[in-house]
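Asker:
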Amino acid sequence: MTRAALAASLLLTVASSARAFDPAVDYVVHCQGCHLADGRATPGSVPALAGTVAQLARTPAGRDYMARVPNVAQAPLSDAELAALLNWVVQRFGGEAAASFTPYVADEIAKLRALPLVDVEAARRALLPDSARP
Amino acid sequence: MASDRLDRWIERRARGLARGTSRRGFLARLGMFAVGAAGLPLLPVVRASAGERAPAPDEMALAGKPEGDPKRCEYWRHCAIDGFLCACCGGSQNTCPPGTEMSSITWIGTCRNPADGKDYIISYNDCCGQSLCGRCQCQRTEREKPVYITPKNNDALWCFGTKSRAVQCSVAVVLGVATES
Chain H
1 MTRAALAASL
11 LLTVASSARA
21 FDPAVDYVVH
31 CQGCHLADGR
41 ATPGSVPALA
51 GTVAQLARTP
61 AGRDYMARVP
71 NVAQAPLSDA
81 ELAALLNWVV
91 QRFGGEAAAS
101 FTPYVADEIA
111 KLRALPLVDV
121 EAARRALLPD
131 SARP
Chain P
1001 MASDRLDRWI
1011 ERRARGLARG
1021 TSRRGFLARL
1031 GMFAVGAAGL
1041 PLLPVVRASA
1051 GERAPAPDEM
1061 ALAGKPEGDP
1071 KRCEYWRHCA
1081 IDGFLCACCG
1091 GSQNTCPPGT
1101 EMSSITWIGT
1111 CRNPADGKDY
1121 IISYNDCCGQ
1131 SLCGRCQCQR
1141 TEREKPVYIT
1151 PKNNDALWCF
1161 GTKSRAVQCS
1171 VAVVLGVATE
1181 S
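Sequence order for the protein chains is H and P.
Residue numbers for the first sequence follow my numbering, so the first one is 1 and each next one is one higher.
Residue numbers for the second sequence follow my numbering, so the first one is 1001 and each next one is one higher.
Structure representation (structure tokens):
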């Protein structure tokens, strides 16, 4: 009886944690706190999304970088949810690059987020040489 | 000589005090204090600080009403707050006290409103530029992550991009309803 109750409560926990939100809601919950609603930079603290996502979305290396940035890769979201969120970010902040962008898929996110990005600043400088340090 | 002066000064002060105070007034104030002290353990704030407990009757009565008391830690918007409540510090649940600046960078969580059962996205912005408020400290940790997941840890001070890094208190602003996909 106790075991059955435990199993039932575990199932309930798994079921309740599997609830998925809209990508726009996931952006607010997981990104907007620092990147703000309009993706602008906070000098000295947070780099801009507006303007830089467009540059990153144009190249394969930039595409990989976006999914491997530590706070993206480690977000408490499934691979499919993270793919949907990143696709939303590219559409929202990618400007003209958004139209030709091939959407991320869950398998790709799974592979990318498993590769730790050790030197984030060096990777960013290589991809965005013109962008000022945050 | 000096002790004479001191003696006269103390006598003058004592006589002045005796003339200027009413004994009955003192008794009335003492009585009020005694009754007030006896009533203190009944106040909800004392019961609230007694740790884990069943929902208070006023929280159950929230159903059908959009808001509770933003000066209480149990208020529904405070499900993941860590700080002093601005509503107790000269501001409100949405606004910073005068003389402080609201941080734009913020800790974000979701809380369920018992009035309608919906999940709302809540932004816990710090109010920066004055020293710690010290009133209504509230620490709740729903969906908080360990400190090595910095964006989801609410122990951090969130005064980024503000003129001052000094934090006074925290607000709990509703950003919207968390709609499921």
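Glycine included, each C-beta is placed from N, C-alpha and C at the ideal position.
1. Determine the extent of the alpha helix (DSSP H) in which Tyr65/H is found, giving its start and end residues.
2. Interface residues of chain P around Asn87/H at Cβ under 8 Å?
3. If you check the beta carbons only, do Ser1170/P and Gly1090/P fall under 7 Å apart?
4. Let me know the secondary structure DSSP gives Leu1042/P once reduced to three states.
5. Determine which residues of the stretch 37 to 57 of chain H have a Cβ less than 8 Å from any Cβ of chain P, and write them out in chain order.
6. Can you check DSSP and say which residues form a bridge with Asp1007/P?
7. Considering only residues of the same chain and omitting the five flanking positions on each side of Asp26/H, which have a CB-CB separation below 6 Å?
8. Kindly identify the DSSP beta-bridge partner or partners of Asp1126/P.
9. Which residue from Asp1004/P, Lys1071/P, Gly1176/P and Thr1095/P puts its Cα closest to that of Thr1110/P?
10. Who are the Cβ neighbours of Lys111/H in its own chain at under 8 Å, not counting the five residues just before and after it?
11. Hey, how far is the Cα of Ala61/H from the Cα of Ala1087/P?
12. Which same chain residues end up closer than 8 Å to Val1167/P when comparing Cβ atoms and leaving out the 5 residues on each side of it in sequence?
13. Along chain H, which residues have their Cβ under 9 Å away from the Cβ of Trp1076/P?
14. Does Arg1012/P come out as helix, strand or coil in the three-state DSSP assignment?
15. Which value, in whole angstroms, describes the spacing of the CA atoms of Met66/H and Val72/H?
16. Within this structure, are the beta carbons of Ile109/H and Asp64/H separated by less than 7 Å?
17. Report the residues of the stretch 1151 to 1163 of chain P with a CB closer than 9 Å to any CB of chain H, ordered along the chain.
18. Can you list, in chain order, the residues of its chain whose CB lies under 8 Å from that of Val69/H, leaving out five sequence neighbours each side?
19. Three-state secondary structure (DSSP) at Thr1110/P?
20. Counting only Cβ pairs nearer than 7 Å, list the residues of chain P close to Gln32/H.
21. Where Pro1114/P and Gly51/H are concerned, what is the direct C-alpha to C-alpha distance, given to the nearest angstrom?
22. Any beta-carbon of chain P closer than 7 Å to the one on Val29/H?
23. List the DSSP bridge partners of Glu1180/P.
24. DSSP three-state call for Val1035/P: helix, strand or coil?
25. Would you call Val1147/P buried or exposed, if buried means 16 or more other Cβ atoms sit within 10 Å of its Cβ?
26. Are the C-beta of Pro90/H and some C-beta of chain P separated by less than 7 Å?
27. Determine the contact status of Gly1161/P and Ser1123/P, defining contact as a CB-CB distance below 7 Å.
28. Applying the criterion that 16 or more other CB atoms from any shown protein chain within 10 Å of the CB defines a buried residue, is Thr1106/P buried or exposed?
29. Comparing C-alpha positions only, which one of Pro23/H, Tyr104/H and Asp38/H sits nearest to Phe93/H?
30. Helix, strand or coil, according to DSSP, for Thr1150/P in the structure here?
31. Roughly how many whole angstroms lie between the Cα atoms of Gly1068/P and Ala1014/P?
32. Name the DSSP bridge partner or partners of Tyr1120/P?
33. Answer with buried or exposed for Pro103/H, where buried requires no fewer than 16 other C-beta atoms within 10 angstroms of its C-beta.
Answerer: With the structure as the only source:
1. Pro60 to Arg68
2. Neighbours of Asn87/H on chain P: none; closest Cβ ~13 Å, over 8 Å.
3. no
4. Low local confidence applies: a pLDDT of 34 at Leu1042/P is under 50, so the model's placement there is unreliable, and no value is given.
5. Thr42, Pro43, Gly44, Ser45 and Val46
6. Note: Asp1007/P sits in no beta bridge, so no partner.
7. Leu85
8. Ser1170/P
9. Gly1176/P
10. none
11. 48 Å
12. Gly1083, Asp1126, Cys1127, Cys1128, Leu1132, Leu1157, Trp1158 and Cys1159
13. Ordered by position in chain H, no residue passes the 9 Å Cβ test against Trp1076/P, which lies about 17 Å from the chain.
14. helix
15. 7 Å
16. no
17. Pro1151, Lys1152, Trp1158, Phe1160 and Gly1161
18. Leu117 and Val120
19. strand
20. Ile1108
21. 40 Å
22. yes
23. Phe21/H
24. Confidence is the limiting factor: at Val1035/P the pLDDT is only 48, short of 50, which leaves the residue's position unreliable, though a coordinate-based value still follows. Helix, per DSSP.
25. exposed
26. Correcting the residue type first, residue 90/H is Val in the shown sequence and not Pro. Val90/H does not count as touching chain P.
27. no
28. buried
29. Asp38/H
30. helix
31. 51 Å
32. Cys1111/P and Val1177/P
33. exposed
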